[in-house]
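Q: Residue numbers for the sequence shown follow my numbering, beginning at 3 and rising by one. Just so it is clear, CB atoms sit at the ideal spot from N, CA and C, and this is done for glycine as well. Please read all numbers here as calculations on a predicted model, not as lab measurements.
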Amino acid sequence: MAPDKIILVIALAIVAGILGWGVMTMARGGDYNVKNSNRIMRYRIIFQA
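1. Please confirm whether Ile42 and Thr27 have their CB atoms less than 7 Å apart.
2. Could you give the DSSP three-state label for Gly19: helix, strand or coil?
3. Once DSSP output is grouped into helix, strand and coil, what is the label at Met43?
4. Can Phe49 and Ile16 be called in contact, C-beta distance under 7 Å?
5. Tell me the DSSP secondary structure of Gly32 in three-state form.
If you want it as structure tokens, here you go:
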């Protein structure tokens with residue numbers, strides 16, 4: 003596999019993991035959601051860029 007495809011797969015896995023983390027945070031709700039939801043969204047946007 004070419005190095006650029008490996009990097010793409012790794013980046014995709016990271017974004018999917020962060021997205022899953024955000025969904026779990028929203029599902030959990032409460033104080034944890036209030037404190038962390040914006041930070042998690044920023045992480046996802048950074049890795050998508």
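A: On the basis of the data shown:
1. In the sequence shown, counting from the first residue as 1, residue 42 sits at position 40. In the sequence shown, counting from the first residue as 1, residue 27 sits at position 25. One thing to note: Ile42 has its Cβ within 7 Å of the Cβ of Thr27.
2. Along the sequence shown, read from residue 1 onward, the residue named residue 19 stands at position 17. Per DSSP, reduced to three states, the secondary structure at Gly19 is helical.
3. Along the sequence shown, one-based indexing puts residue 43 at 41. Helix at Met43.
4. If you number the sequence shown from 1, residue 49 lands on position 47. If you number the sequence shown from 1, residue 16 lands on position 14. By the CB criterion at 7 Å, Phe49 and Ile16 fall inside the cutoff.
5. Reading the sequence shown from its first residue, position 30 is the one you call residue 32. Correct three-state label for Gly32: helix.
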